[in-house]
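Student: In the working numbering, the protein residues as written are 1017 to 1507. All C-beta atoms, glycine included, are put in the ideal place defined by N, C-alpha and C. Because the structure is a prediction, the values reported are computed rather than measured.
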Amino acid sequence: MTVRTRFAPSPTGFQHIGGFRTAMYAWLLAKQNGGQFLLRIEDTDRERLVPGAIKYLVDSLHWLGIDYDEGPNQADLKAINEFSEFAPVEAGKVGPYIQSERLSLYQKEVERLISEGKAYRCDCSSERLEIERLEQMARRERPGYSGYCRTRNLPAGAKTVVRFRLPDQIKLSMNDAVRGVITWDNPPLRDPVILKSDGFPTYHLASVVDDHYMGITHVLRGEEWLPTTPIHILLYEAFGWEKPVFVHLSHILGPDGKKLSKRHGADALTQYEEQGILPEALLNYVSLIGWSVGSGDEQEVFTRDELIQKFSLDGLNSSGGVFDPAKLQWMNGVYLRSLSSEKFTELANKYITSCPAKSWEIIAPHVQERIKTLPEIIENIEFLCLNDLPREMNAIFNKNVNKEIAKQVVEVVAQKFSSVAVFTVDSIHKALEEVVAESGLKTGQVFPVVRIAVTGKKATPPLSESILALGKEKTLQRLAEMPALIEAYQE
RNA sequence: GUCCCCAUCGUCUAGAGGCCUAGGACAUCGGCCUUUCACGCUGGUAACACGGGUUCGAAUCCCGUUGGGGACGCCA
């Protein structure tokens, strides 16, 4: 059996990391089995549509390296003003992949249901329904449609919706790939609207119809869909269609343990990009929330291919997981350090514009080892870019270094450096060591003072390399600036 | 309120009845390396929510309690 999975987001805002994790798992499952992964846009809620949301979805998927085999192509997106260069030029034969373009299909299927008595029209106004609901709540009854139009046999009309007729007694079970058998014995469900008065389907109808016609074999979605799964099962049965495998994923939680959502602690993917998180690291980290390779294997860092190879539904966890930014940062550092110097420089590009190329070349490997996210490059190379260097002067002084000694250090070092013909890491290092040997000053007195003099900071890349990157002229200049600063320093 | 799901270190997890004195990773604390910081290496603190069963034996199976989450829309 060919595995076909899909990611079916609604373009009602920016999709957060939880949604993309669902997409990733679906993609992983399809790729692993040589199947297809599709993108379907569920734009049936006309009121909440957000312009640009579809483009954001397509761009983000591409950024993460999740490419879809079937879905809206460039022309489709252009037609609705959501063009993305990252969409495929051609993709898929069971489209359209945008639900607003499949209206006639849904309407046709609904007619079938109505003619078979499995669905009916309803003209109850939403205002009336709302009042009804409030009253029920007030009476502490379970809220829901009363069933007023069930037997009225209403003809098609301007203001009508179509409801799916649910059995009076529902007892059914389903074998979820994550949770095993789940049984419902009379769940609190009322006849749901499947076709709205504007002619658009609701999720229940559209997703079932599309999953069927698009040949979806595994439905991966968030566990918020679990309570309404009986509706979907009943719909499959009403249509006489084969059901897919359901895979209800546990939620990604915010720091407070509540479901991550657009309104709650979630960031758009572009935020991570801006924060200098690599897509590979994000993908890898997020894959670990709710999934583990298991079987005693303790691997956590996976390449994309390893993920495709090792992913399995069995490794999916049924409990929700908190998103831990600290671990993401750590993993990003791991990925950053594994980069070739060429690739690292390429990614660093936007942060090093004011740094001389030669200096960057010298300092880059040391910066690479020290950062967890790209923007941290800035603080590491600041001393190479700035003319007017801010210095953490207070870091110079301690019980071993007073103003007198500090001045002595910069003076001796400057003198020594002047006599070094060619600056290399070795010659600089040797010069520094000679200062220590000849002046009677201690290493712990010399290096910290020079570090502040040259870089302004107490935590920096290695001193000799930093000095080499700065160059002899500027180094001597910075040393020369020190006596006045030392003198002026007040605690 | 009703229904559904979930429950191992602070966090992500391993664990499919004896391999568990519960393993790993992040975070945290300490040591080593070292001119700082970082990397790396190394050691430590730290968990089976509770109560009943079942069993020779339970983190693992069953029931209940508690706690958390989710759903109850002409939203998805």
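Here's the rule: buried if 16 or more other CB atoms are within 10 angstroms of the residue's CB, otherwise exposed. What is L1034?
Tutor: The identity of residue 1034 in the sequence shown is Gly, whereas the question assumes Leu. Classification of G1034: buried, given that the 10 Å Cβ count is 16 or more.
Student: Just verifying my parser: in three-state terms, what is the DSSP assignment at K1047?
Tutor: helix
Student: Can you give me the C-alpha to C-alpha distance between H1234 and H1264, rounded to a whole angstrom?
Tutor: 10 Å
Student: Would you mind stating whether D1192 and I1198 have Cβ atoms separated by less than 7 Å?
Tutor: Yes; because the gap between Cβ atoms is below 7 Å, this pair is in contact.
Student: Give me the Cβ distance between R1179 and Y1136, rounded to the nearest whole Å; I'm assuming they're in contact under 8 Å.
Tutor: About 6 Å; that satisfies the 8 Å criterion.
Student: Quick one: complete alpha helix (DSSP H) runs, 4+ long, within the stretch 1166-1252?
Tutor: 1219-1229
Student: Can you say whether M1190 is buried or exposed, counting buried as having 16 or more other CB atoms within 10 angstroms of its CB?
Tutor: buried
Student: Taking the straight line between their C-alpha atoms, what separation do you get for R1158 and Y1351?
Tutor: R1158 and Y1351: Cα-Cα distance of roughly 51 Å.
Student: Report the start-end ranges of each alpha helix (DSSP H) in the stretch 1450-1490 that is 4 residues or longer and not cut off at the edges.
Tutor: 1459-1471 and 1479-1486
Student: In angstroms, rounded to a whole number, what distance separates the CA positions of R1064 and P1183?
Tutor: 32 Å
Student: Consult DSSP for G1535 and reduce its assignment to one of helix, strand or coil.
Tutor: With the chain covering 1017 to 1507 only, the question about residue 1535 has no answer from this structure.
Student: Can you tell me whether R1118 is buried or exposed, with buried defined as 16 or more other CB within 10 angstroms of its CB?
Tutor: A buried status is given to R1118, since no fewer than 16 other beta-carbon atoms sit within 10 Å of its beta-carbon.
Student: Suppose only complete runs of 4+ residues qualify. What are the alpha helix (DSSP H) ranges in the stretch 1081-1165, listed by chain order?
Tutor: Those alpha helix (DSSP H) runs which fall completely within the stretch 1081-1165 and span 4+ residues are 1090-1095, 1119-1131 and 1142-1154.
Student: Tell me whether the beta-carbon of Y1505 lies closer than 7 Å to the beta-carbon of M1409.
Tutor: yes
Student: Do three or more CB pairs link the stretch 1329-1342 to the stretch 1352-1363 at distances below 8 Å?
Tutor: no
Student: Compare the C-alpha of A1039 against each of Y1219, L1236 and T1218 and name the closest.
Tutor: Minimum Cα distance to A1039 is reached at L1236.
Student: State the start and end residues of the unbroken alpha helix (DSSP H) segment that holds F1053.
Tutor: Residue range Q1052 to L1055 is occupied by the beta strand (DSSP E) that includes F1053, with no alpha helix (DSSP H) assigned at that position.
Student: Since N1089 and V1110 should fall inside the 8 Å C-beta cutoff, what is the C-beta to C-beta distance between them, to a whole number of angstroms?
Tutor: That belief does not hold up - the Cβ atoms of N1089 and V1110 are roughly 13 Å apart, past 8 Å.
Student: Taking the alpha-carbon positions, what's the A998 to N1348 distance?
Tutor: Not covered by the structure: residue 998. The range shown for the chain is 1017 to 1507.
Student: Leaving aside the five residues before and after I1412 along the sequence, list all residues of the same chain whose C-beta is less than 6 Å from its C-beta, in chain order.
Tutor: A1422, V1465 and I1468
Student: Let me know the secondary structure DSSP gives V1441 once reduced to three states.
Tutor: helix
Student: Is the stretch 1213-1233 touching the stretch 1044-1061 in the sense that three or more CB pairs, one from each, lie closer than 8 Å?
Tutor: yes
Student: Counting Cβ pairs closer than 8 Å, one from the stretch 1423-1437 and one from the stretch 1480-1500, do we hit at least three?
Tutor: Yes, since at least three Cβ pairs between the stretch 1423-1437 and the stretch 1480-1500 fall closer than 8 Å, the two stretches touch.
Student: What whole-angstrom Cβ distance do F1036 and Y1072 have, given they're in contact under 8 Å?
Tutor: Not a contact, Cβ separation roughly 11 Å.
Student: Give the straight-line distance between the Cα atoms of A1342 and T1218, rounded to the nearest whole angstrom.
Tutor: Taking the straight line joining both Cα atoms gives about 39 Å.
Student: In the DSSP assignment, find the unbroken alpha helix (DSSP H) run with L1285 in it and report its ends.
Tutor: From DSSP, the alpha helix (DSSP H) with L1285 extends over L1285 to E1290.
Student: In three-state DSSP terms, what is W1346?
Tutor: helix
Student: For A1447 versus V1436, is the C-beta spacing smaller than 7 Å?
Tutor: Taking 7 Å as the Cβ cut-off, A1447 and V1436 qualify as a contacting pair.
Student: How many whole angstroms separate the CB atoms of S1213 and T1176, which I take to be in contact at a CB cut-off of 8 Å?
Tutor: 6 Å
Student: Quick check on this structure: which residue in R1155, L1211 and R1181 has the alpha carbon closest to the alpha carbon of A1174?
Tutor: When only C-alpha atoms are compared, the closest one is L1211.
Student: To the nearest angstrom, report how far apart Y1113 and L1129 are at their CA atoms.
Tutor: 23 Å
Student: Please classify L1044: is it buried, with 16 or more other beta-carbons within 10 angstroms of its beta-carbon, or exposed?
Tutor: In this structure L1044 is buried. Its beta-carbon is surrounded by 16 or more other beta-carbon atoms within 10 angstroms.
Student: Can you tell me where the beta strand (DSSP E) with V1261 in it begins and where it stops?
Tutor: V1261 to L1265
Student: May I ask you to list the residues that DSSP assigns as paired with V1417?
Tutor: N1414
Student: The alpha helix (DSSP H) that contains R1320, what's its start and end?
Tutor: R1320 to K1326
Student: Where L1188 and L1250 are concerned, what is the direct C-alpha to C-alpha distance, given to the nearest angstrom?
Tutor: 9 Å
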